[in-house]
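Read through the structure below, which is laid out as C-alpha cells, and then see the notes.
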Amino acid sequence: MTPLISVKGLKTYFRTDEGLVKACDNISFDVNPGEILGVVGESGSGKTVASMSILRLIAEPPGYFDGGEIIFEGKNLLKLSMKEMREIRGNKISMIFQDPMTALNPFLKIETQLTEVLVQHKSMSLDKARAKCIEMLKKVGVSLPERRLDMYPHQLSGGLRQRMMIAMALLCRPSLLIADEPTTALDVTIQAQILELIKSINQEFNTSVILISHDLGVVAGMTNRLVVMYAGKIVESGLTEDIFNKPSHPYTKALLNSIPRIDKEQKQLDPIPGLPPSLSSIPTGCPFHPRCAYAVEKCKTTYPETAFITSDHISKCWEVSRL
Amino acid sequence: MSSTLLQIKELKVHFPMPKTSLFAPSSSAVKAVDGVTLDVKKGETLGLVGESGCGKSTLGRAILQLIRSTSGEVVFDGVDLTRQWSHRFGIWRPKDRLRRLRQRMQIIFQDPYSALNPRMTIESIVSEPLKTFNILSGQALRQRVQELMEKVGLDPSYIRRYPHEFSGGQRQRIGIARAIALNPDFIIADEPISALDVSIQAQILNLLKKLQKEMGMTLVFIAHDLAAVRHISDRVAVMYLGKIVELGDTQKIIYDPLHPYTKALISSIPVPDPLLEKSRKRTILEGEIPSPIDPPSGCAFHTRCPIMTEACKSNVPKLRTISDQYDHVVSCDLV
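Line by line, the protein sequences are chains A and B.
1 is the number of the first residue of the first sequence in the working numbering; add one for each residue after it.
1001 is the number of the first residue of the second sequence in the working numbering; add one for each residue after it.
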C-alpha cells in the first residue's frame, strides 16, 4: 500500500536564546489511506511540532527545517511555496486544535468562519456554501444548525465548539485530518462523544487521521498504529495492539505502569522518576537514560540503533532483550 | 468503622446573578452547590468526582468556609463552621474560632503555577502558615521547612529558590509541603494532578497516599478523573449539577454503579487496552451539562438520562440507602 503521507527524517529545529531546540529530531512515519495513526507523548515531546511541520505552520524564523522530507501526493511539502501550501491547508489536509476557544475567531460569526473555507478553496457562492455548512453541521451532530451559524463562538459550549472545528475541517473532504489533542479540554462524557464522531468520520469518509494525545486510553481504542515520542524523537512505533501487548521501549512500558486505570485494581502505581527533559538540554545518548530502569553505560553515550521486534514494530533501545 | 470528622448537612452555595434590568423580578442565582449532605470519616480518603461545572470545587471551598455558604451546616469536629462568621459594617468576617480551626484544615490547589506567589521564596511560602499561627520562628522554623521539603521529596538545599525555578510537579510538592506544615487533620486536594504531565501524576498520587498514611490525615480528593480517584479513595461521591447523585465504597461504585450518570461516566473513561476497548459497550450521553442557573426540573439529570421516564421530569429524587455495608446511597427513583 502506498502511504498517503510519508514523513522521512524530519528535523524541525528552533533557534532560541537558550540555544538550539531540536523539537523534532529525525522523525519518520507513514500514514496509510483510511487509517488512524496515534502519536503519544508528554508535553514537550515534539508531537505538536511534528503535526505543525506537516502543515508548515512553524514560524520561520525562529524555526527551520534542518532536513528530511514530507511526501504528500508525490510532492515534498517542505519544498512548496506558501501559496501552494495554502491550497493544501484546510483543503486536502485539515487540522483540529486542542483548545476550540482560541482556534475560533471570537469576533466572527460561526457562519463567516465556516463558509470562508468553501469560498476560498472551492470558489463557492455564499448561499451554496451556507447550505453545504448546514449539511456538514448535521453530519457532525450539531442540533439546530441554522441557528448556530448565526452565533459567535462564546455562545457555544466547549463540546459544540469542537464540533464546529471538526465540521470546518471536514468541509473540503480532506484526505488527512490532524487532530491535536482534540478532547483534552473537554469533559469525559463529551470526550466520548467527540471520539465517537472522529471514528465515524474516519469510517464514513475514509479520511485518514493523525490523532495526537497524551492519553494512552484514548489512543488504545481509536488507533490502528501508534508512534511514541519522547524528547523530540520517536522511541517506539508499531501496531497499536502490539505496542500495548508487548511494550518494547522502557518509556512506553513505564508510562503504562504509571497511569491509574479504571478497569483494574492496582496496589501501587510505579511513577517514572525524574522529569521529562527540556528540549534545549536533551541528555546525550538515549534521551530517556536518566529516568530509565534498564539503562547501561552505553545508553549514556550512544543513541540506540533501531531494534525490530517484528517487521512493523520498532524500538529505539539498546536493552530491548531485557524488557 | 471510625468516627465522623466532618458532617455536611443540606449545604447550599448560590451565587447571585446581577439583575438584567432594574425592573426585572427577583434576581436569579447560580446554584453551584444545591443541597449536599455528606459525612467524612476520620482517617479516610473521600473522592469527589464530577465534570466541570458540577460544583465540586465550590463544595470543597465551602467545606473550608473559604467562601460563605448560603445555607446548611458544615460541622467540623463538633463545631458548625457556617456560624463562625460576624457581620460588621456590611462585611462578613470569619470569627477567631474559624481562623483557629483553619490550622487543622488545609487545601492543595489545582494549578501549581498560580497557587504560589512568584515573589516569595520556597522558604517563605512553606513557613507562612507556621508564622501566621506563631508556632515556630528563627532557626527552628527553617529546620522545620527543610524537614517538610524532605518529606515531600524536594531537595532542602533549594530553600531559597523561587517558584519559577521549579517544574509543575515540584511546584505541586511545594504546595503540599505548605498544606501539611501545620500537621492538619484534614486536607482538601482540589484537582491536584490534572495540571501535571502523565508521568508525573503518579508521583504526586503516591506522595499524597504516603503522607495520608504517615500522618493519619483525612483527605477529600476532588478530581474529574475517576481512574485517579479510584486509586486513592476509600469512598467515592459522584456529583452532578450541584448535587450528589451517588456515594459509596470505591469498589462498589466502580464495579457496581447504580446511578445512570455514574454508569455513563465510568463507561466514557478510555482504558489503555486496545482489545478491551474494542469489546467494551459504551453509554454515550447526549448533550451537555445544563446550566446551573436554571437546572432542569425534577431529576437534574433527566435531560441526558438514557432510562428517563415521564415521572423523572417532575419528581426530585432523594438520596436513598441501597446498602449499609458499603455506605452505598443513590439518588435515582428507577434504581
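Heads up, the beta-carbon is just placed ideally off N, CA and C, and yes, glycines get one too.
- Quick one: which chain B residues come within Cβ less than 7 Å of residue 193 of chain A? 1284
- Query: Of the residues A:15, A:170 and A:193, which one's Cα is nearest the Cα of residue 118 of chain A?
  - Reply: Per the Cα distances, A:170.
- Query: If we call anything under 8 Å between Cβ atoms a contact, is residue 179 of chain A one with residue 96 of chain A?
  - Reply: yes
- Query: Is it the case that the Cβ atoms of residue 224 of chain A and residue 211 of chain A are separated by a distance below 8 Å?
  - Reply: no
- Message: I'd like to check one pair, residue 189 of chain A with residue 1285 of chain B: are the Cβ atoms closer than 8 Å?
- Response: yes
- Count the other C-beta atoms from every protein chain shown that fall within 10 angstroms of the C-beta of residue 1205 of chain B, then say buried if there are 16 or more, exposed otherwise. buried
- Could you check what DSSP says for residue 1139 of chain B in three-state terms: helix, strand or coil? DSSP places residue 1139 of chain B in helix when its eight states are reduced to three.
- Task: Using a Cβ cut-off of 9 Å, pull out every chain A residue sitting near residue 1231 of chain B, in sequence order please.
- Result: 260, 261, 266 and 269
- Query: Quick one: what's got a C-beta closer than 6 Å to residue 313 of chain A's C-beta in the same chain, skipping five residues either side?
  - Reply: 238 and 242
- Item | 8 Å Cβ shell around residue 1292 of chain B - same chain, five flanking residues per side excluded | 1030, 1031, 1032, 1034, 1053, 1055, 1241 and 1242
- Query: Would a C-beta distance cut-off of 8 Å place residue 1008 of chain B and residue 1049 of chain B closer than the cut-off?
  - Reply: no
- Message: So if DSSP puts residue 36 of chain A in a beta bridge, which residue, or which two residues, is it bridged to?
- Response: A:209
- Shorter than 8 Å from the beta carbon of residue 1203 of chain B to some beta carbon of chain A? yes
- Message: Here's the rule: buried if 16 or more other CB atoms are within 10 angstroms of the residue's CB, otherwise exposed. What is residue 1275 of chain B?
- Response: That one is exposed.
- Message: For a quick check, are the C-beta atoms of residue 1265 of chain B and residue 1229 of chain B less than 8 Å apart?
- Response: no
- Query: In chain A, what lies closer than 8 Å to residue 1269 of chain B by C-beta?
  - Reply: Chain A residues near residue 1269 of chain B: 188, 217 and 262.
- Sufficient close CB pairs (3 or more, under 8 Å) joining the segment 1081 to 1095 of chain B to the segment 1140 to 1152 of chain B: no
- Task: Use the C-beta contact count for residue 1307 of chain B: other C-beta atoms within 10 angstroms, 16 or more gives buried, fewer gives exposed.
- Result: exposed
- Task: Can you say whether residue 1252 of chain B is buried or exposed, counting buried as having 16 or more other CB atoms within 10 angstroms of its CB?
- Result: buried
- Endpoints, alpha helix (DSSP H) assigned at residue 1262 of chain B: 1260 to 1268
- Could you tell me the boundaries of the alpha helix (DSSP H) in which residue 131 of chain A lies? 126 to 139
- Which full runs of the beta strand (DSSP E) of 3+ residues lie inside the segment 1059 to 1083 of chain B, going along the chain? Entirely contained in the segment 1059 to 1083 of chain B, the beta strand (DSSP E) runs reaching 3 residues are, in chain order, 1071 to 1076.
- Of all the CB atoms in chain A, is at least one closer than 8 Å to the CB of residue 1264 of chain B? yes
- Taking residue 1037 of chain B as part of the beta strand (DSSP E), name the residues at either end of that continuous run. From DSSP, the beta strand (DSSP E) with residue 1037 of chain B extends over 1029 to 1041.
- Go ahead and pull the three-state DSSP assignment for residue 1239 of chain B. strand
- Using only alpha-carbon positions, find the residue among B:1279, B:1283, B:1281 and B:1302 that is nearest to residue 1290 of chain B. B:1302
- Message: In the DSSP assignment, the alpha helix (DSSP H) including residue 251 of chain A goes from what residue to what residue?
- Response: 250 to 258
- Task: Residues of the segment 1204 to 1230 of chain B with a CB closer than 8 Å to any CB of chain A: list them in chain order, please.
- Result: For the segment 1204 to 1230 of chain B, the residues whose beta carbon sits under 8 Å from a beta carbon of chain A are, in order, 1205, 1206, 1224, 1225, 1226, 1227, 1228 and 1230.
- Task: Can you say whether residue 203 of chain A is buried or exposed, counting buried as having 16 or more other CB atoms within 10 angstroms of its CB?
- Result: exposed
- Residue from A:115, A:175, A:144 and A:278 whose Cα sits closest to the Cα of residue 18 of chain A: A:278
- Message: Between residue 1250 of chain B and chain A, is any beta-carbon pair separated by less than 8 Å?
- Response: no
- For a contact meaning CB atoms closer than 9 Å, what does residue 1256 of chain B contact in chain A? None at all; the shortest Cβ gap to chain A is about 14 Å.
- Return the chain-ordered list of same chain residues with a C-beta closer than 6 Å to the C-beta of residue 1319 of chain B, the five sequence neighbours on each side being excluded. Short of 6 Å from the beta carbon of residue 1319 of chain B, and not among the five residues preceding or following it, lie these beta carbons of its own chain, in chain order: 1329 and 1331.
- Message: Check whether chain A comes within 8 Å of residue 1306 of chain B, counting only Cβ atoms and requiring the distance to be less than that.
- Response: no
- Task: Can you tell me which of the three DSSP states residue 323 of chain A falls into?
- Result: coil
- How is residue 1158 of chain B classed by DSSP in three states: helix, strand or coil? helix
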